[in-house]
Structures are given as structure tokens and as C-alpha cells.
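Numbering (the working numbering), first residue to last: 2 to 140.
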């Protein structure tokens, strides 16, 4: 079954054009090419079976987590770290899980200081970023 492209599908396609371009980021030629791909993507049905997973990464507390984003469903699967092999229904759920699984840095707090800033940190989720390379193989 075919589906009309979603914003996630369009975003991943446009990022590929941007990442693979030899033009400067402020080049009119680049943005015309991006607009052309956008028009094409929005007018063409996309078969889910042909939709590739897009490489993404997230940085949190000096840790880098590699993953893949599936534009057709919006799901994210984790490729590195404590959550390797885990899939999530959306990028926010994956980011929350990475935040929860990432150890807090050890800081020298004064004795008797019971304040905990982890709730404040967790309210602002790190964002997934597209990456243009495949993660290194882990042995």
C-alpha cells in the first residue's frame, strides 16, 4: 500500500539533499534543489517497504547515542549504548529513554546538599540529529 509522504519523510529527504550537496548553505542553487525535491516528494506516493532507515544521533551528558529513524512511522531504534537494539515509537520517547539510561556525572556536592537537578535537566530533552555516516562497527 502506498502512502502520502509525511513531514518526517519529507524532512529526511530534504536533509539528504542538503547533506550531499556541494553548494554553500546559503547558495540559491542549493535551496532551489531542495525545493525541487520537496515538490517531488509531496506529489509522489511512497511505498513503506522502500523507505530506508535514516541514520541519526543524540548527544547527552557527553555521551553519543547512534540510532536510526524510520520516516514512514516516525520510530527510532537505538544502535549504540545501554539501549542497543531497543525501538521506540517516536523520537521523544527514544530521547527520554536515553536520558533515563545515561548516568549522571559525579559532582562534588557539599555534604547535606540534597538538591537534585535531574528533573530540571530531563524537562529539556536532547534532540536527535541527522548524521551522514554509518556508525562504526562495535566488536
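Glycine included, every Cβ here is placed at the ideal spot set by N, Cα and C.
Does residue i pass the burial test, meaning 16 or more other C-beta atoms within 10 Å, or should it be called exposed?
i           : result
residue 68  : buried
residue 129 : buried
residue 25  : exposed
residue 85  : exposed
residue 92  : buried
residue 59  : buried
residue 57  : buried
residue 115 : Residue confidence for residue 115 is low, a pLDDT of 49 falling below 50, so the modelled location carries little weight; the figure read from the coordinates is stated next. Label assigned to residue 115: exposed.
Taking 8 Å as the limit between beta carbons, can you name the residues of its chain near residue i, skipping five residues before and five after?
i          : result
residue 88 : 76, 77, 78 and 79
residue 52 : 10, 71, 72 and 73
residue 90 : 74, 75 and 76
Hey, residue i and residue j: beta-carbon distance below 7 Å or not?
i          : j           : result
residue 13 : residue 72  : yes
residue 1  : residue 70  : The question about residue 1 has no answer here: the residues shown for the chain are numbered 2 through 140.
residue 83 : residue 102 : yes
Using C-beta distances below 7 Å, list every residue in its chain close to residue i, excluding the 5 sequence neighbours before and after it, in chain order.
i          : result
residue 16 : 131
residue 65 : 58
Could you give the first and the last residue of the continuous alpha helix (DSSP H) run that contains residue i?
i          : result
residue 59 : That residue, residue 59, is in no alpha helix (DSSP H); its beta strand (DSSP E) goes 55-61.
residue 99 : 92-102
In the DSSP assignment, the beta strand (DSSP E) including residue i goes from what residue to what residue?
i          : result
residue 76 : 76-79
residue 65 : 64-71
What residues in its chain sit with their C-beta under 6 Å from that of residue i, if we drop five residues either side in the sequence?
i          : result
residue 19 : none
residue 35 : 15 and 18
Any chance you could list the beta strand (DSSP E) runs of at least 3 consecutive residues sitting entirely within the segment 4-57, in chain order? None, since the segment 4-57 contains no complete beta strand (DSSP E) of that length.
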